[in-house]
Amino acid sequence: MPSPVRLKAVAAKGQPDPSPALEQLYRGFESELLVPLWTEIGDLMPQSPRSKAMPHLWRWDRLVELASEAGRIVPVGRGGERRAIALANPGLGGRPFATPTLWAAIQYLMPGENAPEHRHTQHAFRFVVEGEGVWTVVNGDPVRMSRGDFLPQAGWNWHAHHNAASAPMAWIDGLDIPFSYYTESQFFEFGRERVGTVEMTTPEFSRSERLWGHPGLRPLSQPDAPSATPLLAYRWVDTDRALADQLALEEEGHAATLSPGHAAVRFTNPSNGRDVLPTMRTEMHRVRKGASTLTHREVGSSVYQVFEGTGSVTVGDKQWSVRRGDMFVVPSWAPFTARCDAASESTLDLFRFSDSPIFEALHGHRSQVGDPA
Numbered sequence: 011m012p013s014p015v016r017l018k019a020v021a022a023k024g025q026p027d028p029s030p031a032l033e034q035l036y037r038g039f040e041s042e043l044l045v046p047l048w049t050e051i052g053d054l055m056p057q058s059p060r061s062k063a064m065p066h067l068w069r070w071d072r073l074v075e076l077a078s079e080a081g082r083i084v085p086v087g088r089g090g091e092r093r094a095i096a097l098a099n100p101g102l103g104g105r106p107f108a109t110p111t112l113w114a115a116i117q118y119l120m121p122g123e124n125a126p127e128h129r130h131t132q133h134a135f136r137f138v139v140e141g142e143g144v145w146t147v148v149n150g151d152p153v154r155m156s157r158g159d160f161l162p163q164a165g166w167n168w169h170a171h172h173n174a175a176s177a178p179m180a181w182i183d184g185l186d187i188p189f190s191y192y193t194e195s196q197f198f199e200f201g202r203e204r205v206g207t208v209e210m211t212t213p214e215f216s217r218s219e220r221l222w223g224h225p226g227l228r229p230l231s232q233p234d235a236p237s238a239t240p241l242l243a244y245r246w247v248d249t250d251r252a253l254a255d256q257l258a259l260e261e262e263g264h265a266a267t268l269s270p271g272h273a274a275v276r277f278t279n280p281s282n283g284r285d286v287l288p289t290m291r292t293e294m295h296r297v298r299k300g301a302s303t304l305t306h307r308e309v310g311s312s313v314y315q316v317f318e319g320t321g322s323v324t325v326g327d328k329q330w331s332v333r334r335g336d337m338f339v340v341p342s343w344a345p346f347t348a349r350c351d352a353a354s355e356s357t358l359d360l361f362r363f364s365d366s367p368i369f370e371a372l373h374g375h376r377s378q379v380g381d382p383a
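Numbering (the numbering used here), first residue to last: 11 to 383.
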């Protein structure tokens, strides 16, 4: 097999002077599959992150339109397994990856349909921007999915979905598929074609919520500090109240927000207060009408979905007007700012997920708030 290594002597700063001896040395490197650092350092060790991912926006109306069309012609079952349509970042060569570490997709389930059971080592969640009527069944526990609900699910847990409503339903899936793909650490296993009759029920609250969903209270019967959250649903009513209270406290003169008019919460594991999933951080942000966030950049990438309101977002050198459902990517170290329109019918609510826990675990996380000096 020919060597894939190709080296060329060039006259440039920091490079050895071209010569026949240097060319001969490079041919030896090529034949032995060796690459000298001095020819690659600018690409391998830049002064700051240079993400291959690009800032990009997907319009929710168009996503739902295409997902609906897929609902008419693409079945849900073994093989395709899920009617999930992934965001493909234009800078990542057509791979179904929103960022180098994060997968984001719209999933669509028709009335009466059942997505069969399976499990995988990739961590996952569902976030519902509109609609209800689908239950996800995790290890036999039926969990209701409704607007504004955040539903995390750690890797290697059995899960299936069923639509008990008379209308289709769409939601977004977030997974660490690209991270697992690049680290070659994936496992996948098929489960049952259909879950049992008891699991097809539609309880208002799942068993996980009844056990873990009481603020500040931990069941002593459960093991210490599981690595991922045991709570399978974080309800919008609680998230909404937390954000509203932060803005109300700010109005009363108390320090409760990230910056004027910008409230935010992080979804956490109730057993230890850490991130809900080992590889993904999830948050909800609320920007008051007419207010803006501070400019923020960090190592690692993020995907946002607009939950409610209208406004504008700036990612690097891109700026877009956004509305409910729209999704966009913030690449690593790209500056990000959001503003809520003064004439918006509501606050600008943004759901965000990122790969921050990966970089924090590797001691590679860095962030900057405010305009760069």
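Glycine residues also receive a C-beta, built at the ideal position from the N, C-alpha and C atoms.
Fair warning: this is a prediction, and the values are worked out from it, not measured in the lab.
Residue i in three-state terms, based on DSSP
i: T347; result: strand
i: G321; result: strand
i: V278; result: Here residue 278 turns out to be Thr, not Val, going by the sequence shown. Note: T278 maps to strand in three-state DSSP.
i: W113; result: strand
i: V205; result: coil
i: S356; result: coil
i: L43; result: coil
i: W166; result: coil
i: E142; result: coil
i: V9; result: No answer is possible for residue 9: it lies beyond the span of the chain, which begins at 11 and ends at 383.
i: L384; result: Given that the chain is displayed from residue 11 to residue 383, the structure contains no residue 384 and the question cannot be resolved.
i: R228; result: coil
i: E262; result: coil
i: S29; result: coil
i: L102; result: coil
i: D285; result: strand
i: E91; result: coil
i: R134; result: One point to set straight first is that residue 134 is Ala, not Arg, in the sequence displayed. Strand, per DSSP.
i: L221; result: helix
i: L372; result: coil
i: F189; result: helix
i: L257; result: helix
Sequence-distant residues of its chain with Cβ nearer than 6 Å to residue i (five each side left out)
i: A266; result: Q256, L259, E260
i: D381; result: T305
i: R217; result: D151
i: A383; result: Only weak support exists for where A383 lies, its pLDDT of 45 falling under 50; the coordinates are left without a value.
i: Y314; result: F338, L360, R362
i: S356; result: E318, G319
i: W70; result: G335, D336
i: K328; result: P65
i: E140; result: R157
i: R376; result: V309
Beta-carbon contacts of residue i that lie in its chain and below 7 Å, excluding the five residues immediately before and after
i: P341; result: S61, A63, M64, P65, T109, S311
i: A77; result: I95, I116, Y118, A180
i: N282; result: A235
i: F160; result: F135, F137, Y244, F277, T292
i: F271; result: Strictly speaking, residue 271 in this sequence is Gly, with Phe absent from that position. Around G271: V297, R298, A301.
Candidates the options, of which the one nearest residue i by Cα
i: V205; options: P162, T303, A170, R217; result: A170
i: E318; options: T324, D359, G87, K23; result: D359
i: E209; options: V153, L161, S231; result: V153
i: N167; options: H295, Q132, Y191; result: Q132
i: L287; options: F137, G101, A98, P162; result: P162
i: A125; options: S156, G103, A371, R93; result: R93
i: R220; options: T207, P233, P240; result: P240
i: K23; options: M11, A238, I51; result: I51
i: M294; options: V275, L73, V309, E308; result: V275
i: L268; options: T207, D365, V379, S354; result: V379
i: D285; options: A371, V74, L73, Q34; result: A371
i: F198; options: H130, S58, V316; result: H130
i: G122; options: L102, A98, S156, P85; result: P85
i: A177; options: M11, S354, W68, G143; result: G143
i: P188; options: T289, S237, A273, L230; result: T289
i: A174; options: Y191, G165, S156; result: S156
i: S237; options: W246, R72, P280; result: P280
i: P56; options: W343, E79, F369, S29; result: W343
i: D250; options: A273, A352, E262; result: A273
i: V316; options: V332, T207, G326; result: V332
Contacts around residue i, its chain only, beta-carbon distance under 8 Å, and the 5 residues preceding and following it disregarded
i: R82; result: none
i: P26; result: A19, L32, W48
i: R15; result: First, the amino acid is wrong: residue 15 is Val here, not Arg. Counting only Cβ-Cβ distances below 8 Å, and skipping sequence neighbours, we find F39, E40, L43, L44, V45.
i: A374; result: It is Gly, not Ala, that sits at residue 374 in the sequence shown. Counting only Cβ-Cβ distances below 8 Å, and skipping sequence neighbours, we find V309.
Per DSSP, the bridge partner or partners of residue i
i: N149; result: Answer is none; N149 lacks a bridge partner.
i: N124; result: H172
i: A273; result: R296
i: Y118; result: A180
i: Q378; result: R307
i: W246; result: According to DSSP, which records beta bridges pairwise, W246 is partnered with nothing at all.
i: A96; result: A115
i: V15; result: Beta-bridge pairing links V15 to no other residue.
i: H66; result: V339
Legend entry - Sufficient close CB pairs (3 or more, under 8 Å) joining the region 291-307 to the region 343-352: yes
Legend entry - Three or more C-beta pairs below 8 Å linking the region 183-199 and the region 212-230: no
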